Amino acid sequence: MSKTSPGNFFEDFTLGQEIVHATPRSVTAGDQALYTALYGSRFALHSSDEFARRIGYPRAPLDDLLVFHVVFGKTVPDISLNAIANLGYAASDFGVPVYPGDTITTSSEIIGLKENSNRKTGVVYVRSTGITERGAIVLDYVRWVMVNKRDPKAPVPDPVVPGLPTDVMAKHLEAPDGVVLSGYDIEQAGSPHLWDDYQAGERIDHVDGMTIEEAEHQMATRLYQNTAKVHFNQHLAKDGRFGRRIVYGGHVISMARALSFNGLANAFRIFTINGGTHAAPSFAGDTIYAWSEVLGKDPLPRRKDVGALRLRTVATKDRPCADFPYKDGEGKYDPAVVLDLDYTVLMPRRG
Amino acid sequence: MSKTSPGNFFEDFTLGQEIVHATPRSVTAGDQALYTALYGSRFALHSSDEFARRIGYPRAPLDDLLVFHVVFGKTVPDISLNAIANLGYAASDFGVPVYPGDTITTSSEIIGLKENSNRKTGVVYVRSTGITERGAIVLDYVRWVMVNKRDPKAPVPDPVVPGLPTDVMAKHLEAPDGVVLSGYDIEQAGSPHLWDDYQAGERIDHVDGMTIEEAEHQMATRLYQNTAKVHFNQHLAKDGRFGRRIVYGGHVISMARALSFNGLANAFRIFTINGGTHAAPSFAGDTIYAWSEVLGKDPLPRRKDVGALRLRTVATKDRPCADFPYKDGEGKYDPAVVLDLDYTVLMPRRG
Amino acid sequence: MSKTSPGNFFEDFTLGQEIVHATPRSVTAGDQALYTALYGSRFALHSSDEFARRIGYPRAPLDDLLVFHVVFGKTVPDISLNAIANLGYAASDFGVPVYPGDTITTSSEIIGLKENSNRKTGVVYVRSTGITERGAIVLDYVRWVMVNKRDPKAPVPDPVVPGLPTDVMAKHLEAPDGVVLSGYDIEQAGSPHLWDDYQAGERIDHVDGMTIEEAEHQMATRLYQNTAKVHFNQHLAKDGRFGRRIVYGGHVISMARALSFNGLANAFRIFTINGGTHAAPSFAGDTIYAWSEVLGKDPLPRRKDVGALRLRTVATKDRPCADFPYKDGEGKYDPAVVLDLDYTVLMPRRG
C-alpha cells in the first residue's frame, strides 16, 4: 500500500461523508506577527491587547481571516488536492474569537456532488467546521470546488446540489457576549466613521495598492499549512496553463481586507462571509487594489452599540479602483477583477 | 464625507498641534522572531532571556530599533503619507525597555513648520512619543519631513524652525535602574572589546554585506504597520521617479545595526539617536555594507560598570567599507552612502 | 587590536580545543511560526499543543530541525566563517525536547584536524553540543568542514581523524521518558501508516516540490543567526564561483523533512542524524523534491508503543523523484541530487 496520499478524486467522495482533517494547529502570537508582516493589517482589535480589553475581550483575538485560512488549509489535503478551481464560498459564519494558545481542528461534511458533463471533473460541495480544543466553533463555512476524476468512466452518484443561504445575515445576528462597544476609541481605531455614517449603495475606493511577491504568498500559504501544489512548485508550474505559481486566493482576500482599512477602519470583526468568487488568478508581481460597496445595514437585536454592515469588496490587479471596476452589462467581470467578496462586518454605532 | 483618509498636506498642520496616532500595537515574541529573521540581529541582550536576567532585566527586551520602527510606523498615516522625503531625525531618546506583551501607542506634536520657496512643499518638524500601556515613555524623537501642499496657493503660517539639540548625550545620561553589568558575559556576548577599549576617532569596518529582497523590506515595513505608499506598490512606482519601490529607511538602519555586531557586539543598548540622514534611497537588490566611527566616549554618572559611546554608523550600497567611504571635500556624500546615523550606545566597562 | 573578528583559519584550531559560542538564544512561539511559514511543516506533535499533551509532552516542542539549525548557527562564527565546504555530519543525537521559552547555548570541541595536501586548506572535525538553561542536552553532533588556511606555510599539527560511529542507533535507543503513544491519533496526524507498516528497503516518493526564494532562505538562515557570508551577499557572490548566493544546506534539510510528511507523517520525532552530505549547492529558483528509503527498523528496549526507523532521505533539485534518483554505478551522485541524509526517526507502533 502506497504510503503517500494522492488526495481524493471526484469519485472518491460520497454524499454525507464526514472527514476529520489532519494536523490540529495551535495558533500563537507568532502567527499573528506573521499575519501583520504579510498584510500590514491595522484593525485595532487584533493589534492591541489593551484596545481589545476596553471593549470586553480578554486580549486581542487573532485576525478573523487568519482563522479562516487555518481552517481552510486543513481541508486542502482531503478536499482540494486534485482541484482545478475553487469555485466559491458561501455561508461562512465566524464563531468564537480565537486567541493565541488555542488549538484549531477542522472536519468536513460532503453536502453535494455533481459531475460535469465532460465526465472528467465534478463539483464537490463541502461544509467545513473549525473548532477549538474546548469544542467551540470558530468558523463554519461552505465551499464548492471543481475536482478531477481519476477515471472519467468511474460511476458517480446522482447529482445533489445543496440549497445555500445567500444572506447569512438573515439567519442570526448576535453580537458576541460580553463585548461592549462603549469603550471603543475611534481615535486609536483610526477613523471617525461609524455604522451610522455608512449608507447602502455607498462605494469606497480603498486607494492603496500592494504588490505580491513569491516569497510572501508562499510563506503565507505554508503558514496556513495549505498544501495545494499550484502555489509552491515553479518547476511544475512552468509547463502548466499559466507558466507560474498561482497565488492562494485567500492571500488576496487578506490583502483586500487590509487595504479596506482605509475607509472601513472600524469594521472591527468579520461576522460572516456570504459568498465569494475568485474571478481570476493572481500571480507574484501583481499589484492588488480594492474597493467596497455597502450592500446593506442591519441593526443587531437588543444592541444599540453595534451594527452589521453587509459589504462587497472587489479586488483588482494592476488597476486602481477610483472608478469601481466590476462587471460589464452582460454580468462578466472586468478583466482586472480578481476577487468579489460578499461579507458582513460588525461596526460600532453612535451611542 | 469621504470615508478614506488622504493624509495631511502641509497646510493642514498647525504649530503646537497634537495628534494621537491610530493603531495601538501589542508587541510579542513573534515580532522579535521576525526581527531576527529580517536582520539576523545577534545582540545577546535581545536574543536571550537568561543573558538579560543576569544583568538585571526581567527577560530579553525587544530590539531597540524594533521599538523605534513601531513608534515611527504609527506616525506615518498622519504625518508623512504625503511626504516627499524624510529629511532627518534628531534627539531620539529611548526610554524604558519594551517586553513582549507591552502595548505601544504614539502621539505627536508639531514643533515647526516652514514652507519651501517653491510654495509647493514645506518642512514639518514633529516630536513623537511612544508610551506603554502604563504610560512609560519608550521613545521620544524629532523628525522633519518634506510634505506636499494640496494647493500651492494655500496660505501658511510664519516659518518656525525649532532648535534641536545636536548632542542628546549632554542632556541626561542615566543607565537603566536595576541593570548591573557585573553579570555580563563577554564570551556569550561574542566579543572581548568593552567600553574601555574604544577610542574617539577609531573607525571600524563591519566587513559583511547583506542584500535586500523586495519580500523582506515589504514584510518588515508592514510589520511596523508603516503605510507609506512608496514601499509597497510596484504598479504605481514603475511610473515614478525611480521606477521601483523604495526601501523604508528604517530597514537600512536595522541592517546597519545588525552588521555592526561585528565590531560592536557589546553595544548592548541604543541609548539615543542624535541625528540621522538617509543620504540616498535603497532598493531591492542593493547590498548594504556599514562602518562606524567612535565620535566620543562618556562615562555615566555614578556608574563604573557601564559607559556610553557616541557612534557614527555609515551604511553604503554595493560598496565594501574597508576604506570608510563618507563625504568628499565639499561635504557631499560619497554616492554609495545611503545612511549617516549619529547615535549613542551603552557598553559595559572593565570593573 | 581589531574590533572585528575575521573568524578562525585552519591553523588557529588545536586538537582538544573547547569553544563556548556566542549569542545564547531563547526560542519562542515566534520562531516556530516562522519555521512553519518557511517550510509548511505539518507534523502534528510540533503543530498542536493538544496533540502533544495526549502523548505525554507538556506542550508542542519545537521542530527538531529548528533546534538543529539554532545550535548549528551558533557554531558558524567560530568554526566555519572561513569554510569552503561543509563536508558532512555524523552522530547527531537529539536530546530533550525544546519548548518556547527555553534558552539554547552551544559549545564545541575540536576532535580532529587534517591539513589537505595542497597546504591551502584543512579539514576540521568538531563535536558541538547545545544545552538548555538547565544544562540539559538538546543536540550533540559532529560535523567536518574544509577551512582555509590564513597562510599556506603556517605549521600545523599531525593529522588526527576521529573515528565516527556510522550507526548511532546501535549506541542507545531510549524513547523519551513520559511519552506514551497510546494517545496518538493517526487521523489527526494525517496517515494510517505506522512503524509496523514500513519495511527495510521500501522506497517512498514524497511527490511534491517546493521552489526556494531568496527572501525565504535568507530569512531562515538569519532566524538561526547563522552568519556564513555566502548566504546573504549578492554583491560579493556575483563575482564568486557560482555567481549567486548559496542556500544554507540546513534549509534544504528542512524542506526535505517537510516534503517527507507525505509518506512519513507519523515520523513524529527525529531521533538521530547518522550522517549527511550536501551533494551539490542549491540556489534560489531551485525546486526541491525528495524521496526516502527505509534503511532499517529497530524496536526500542522495553517499548511496545514506539519504534525507530532508519531512513535515507534524498533531495533533488528540478527533478521529480518517482524513479528515486541517487548514485550511478561508480557511486557518483546523480547531478540533480543535493542532499543525502541518513537519520533515524521515532514512529508509533500498533498496540
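Chains as they are written, first to last, in numbering that gives the first Met the number 0: chain A, 0 to 350; chain C, 0 to 350; chain R, 0 to 350. All residues carry an ideal CB built from backbone N, CA and C; glycine is no exception. As the structure is a computational prediction, the values presented were derived from the model and not from experiment.
Item                                                                                                                                                      : Value
Could you pull the start and end residues of the alpha helix (DSSP H) that C/Arg243 belongs to?                                                           : Run containing C/Arg243: none; DSSP gives neither H nor E here.
Take C/Leu294 as the anchor and find which of C/Ala335, C/Leu340 and C/Leu258 has the nearest alpha-carbon.                                               : C/Leu340
Spatial neighbours of A/Glu17 within its chain, please: C-beta separation below 6 Å, excluding the five flanking residues on both sides.                  : Glu108
In terms of residue numbering, what span does the alpha helix (DSSP H) encompassing C/Asp73 cover?                                                        : In the sequence under discussion, the amino acid at residue 73 of chain C is Lys, which differs from the Asp named in the question. Asp63 to Ile78 is the span of the alpha helix (DSSP H), which, as asked, contains C/Lys73.
Which residue comes first and which comes last in the alpha helix (DSSP H) that contains R/Tyr34?                                                         : Ala28 to Tyr38
Using DSSP with H/G/I as helix, E/B as strand and the rest coil, what is A/Ser259?                                                                        : coil
Secondary structure at R/Gly189, three-state DSSP: helix, strand or coil?                                                                                 : coil
Please classify R/Gly129 as buried or exposed, where buried requires at least 16 other C-beta atoms within 10 Å of its C-beta.                            : buried
Which term fits A/Gln198, buried or exposed, when burial requires 16 or more other beta carbons within 10 angstroms of its beta carbon?                   : exposed
With 16 as the cutoff for other CB atoms within 10 Å, does R/Tyr159 come out buried or exposed?                                                           : Looking at the sequence shown, residue 159 of chain R is not Tyr but Val. The residue in question, R/Val159, is exposed, as its Cβ has fewer than 16 Cβ neighbours within 10 Å.
With a threshold of 7 Å between beta-carbons, can A/Ala59 be considered close to chain R, or not?                                                         : no
Is the separation between the beta-carbon of A/Asp207 and that of A/Leu258 shorter than 7 Å?                                                              : yes
Under 7 Å, do R/Gln187 and C/Thr286 count as touching if we go by C-beta distance?                                                                        : no
Would you mind sorting R/Lys316 into buried or exposed? The rule is 16 or more other CB atoms within 10 Å of its CB.                                      : buried
Output the distance between the C-alpha atoms of A/Leu80 and A/Asn7, rounded to the nearest integer angstrom.                                             : 7 Å
Verify the CB distance criterion: does C/Gly29 have a CB-CB separation below 7 Å to chain A?                                                              : yes
Can you name, in chain order, every residue of its own chain whose Cβ lies under 7 Å from the Cβ of A/Arg41, other than the five neighbours on each side? : Gly189 and Phe260
With a 10 Å radius around its C-beta and 16 neighbouring C-beta atoms as the bar for buried, classify C/Gly200 as buried or exposed.                      : exposed
Using only the alpha-carbon positions, how far apart do C/Thr60 and C/Gln31 sit?                                                                          : It is Pro, not Thr, that sits at residue 60 of chain C in the sequence shown. Cα-Cα distance, rounded: 9 Å.
When the Cα atoms are used, what is the spatial distance from R/Leu177 to C/Arg221?                                                                       : In the sequence on display, residue 177 of chain R carries Gly and not Leu. Computed Cα separation, rounded: 43 Å.
If we count the other Cβ atoms within 10 Å of its Cβ and call it buried at 16 or more, is R/Phe241 buried or exposed?                                     : exposed
R/Lys113 bridges to which residues according to DSSP?                                                                                                     : R/Val122
Name the two residues that bound the continuous beta strand (DSSP E) containing C/Asp297.                                                                 : Thr286 to Leu299
Does the CB of C/Thr105 have a neighbour CB from chain A at under 7 Å?                                                                                    : no
Strictly by DSSP, which residues pair up with C/Lys326?                                                                                                   : C/Tyr332
Which residues of chain C have a Cβ atom closer than 8 Å to the Cβ of A/Asp207, listed in chain order?                                                    : Thr226, Lys228, Phe231 and Asn232
Using beta carbons (cut-off 7 Å, strictly below), is A/His68 in contact with chain C?                                                                     : no
By how many angstroms is the C-alpha of A/Val141 removed from the C-alpha of A/Val352?                                                                    : Past the edges of chain A, shown from 0 to 350, lies residue 352 of chain A, and the structure says nothing about it.
Express the C-alpha separation of R/Lys148 and R/Thr3 in angstroms, rounding to a whole number.                                                           : 19 Å
What's the gap between the Cα of C/Tyr124 and the Cα of C/Leu14?                                                                                          : 9 Å
Report the neighbours of R/Asp204 on chain A: residues whose CB is nearer than 8 Å to its CB, in chain order.                                             : Thr3
Who are the Cβ neighbours of C/His282 in its own chain at under 8 Å, not counting the five residues just before and after it?                             : Position check: residue 282 of chain C holds Phe in this sequence, whereas His was assumed. Closer than 8 Å at Cβ, skipping near neighbours: Ile211, Phe241, Arg243, Arg244, Ile245 and Val246.
Would you check if the distance between the CB atom of R/Leu44 and the CB atom of R/Phe323 is smaller than 7 Å?                                           : no
Would you kindly check if the distance between the Cβ of A/Ala279 and the Cβ of A/Val337 is under 7 Å?                                                    : yes
Under 7 Å between beta-carbons, which chain C residues line up against A/Tyr38? List them in chain order, please.                                         : Arg221
R/Ser46 touches chain A at which residues, Cβ-Cβ below 8 Å?                                                                                               : Thr22, Pro23, Arg24, Ser25 and Gln224
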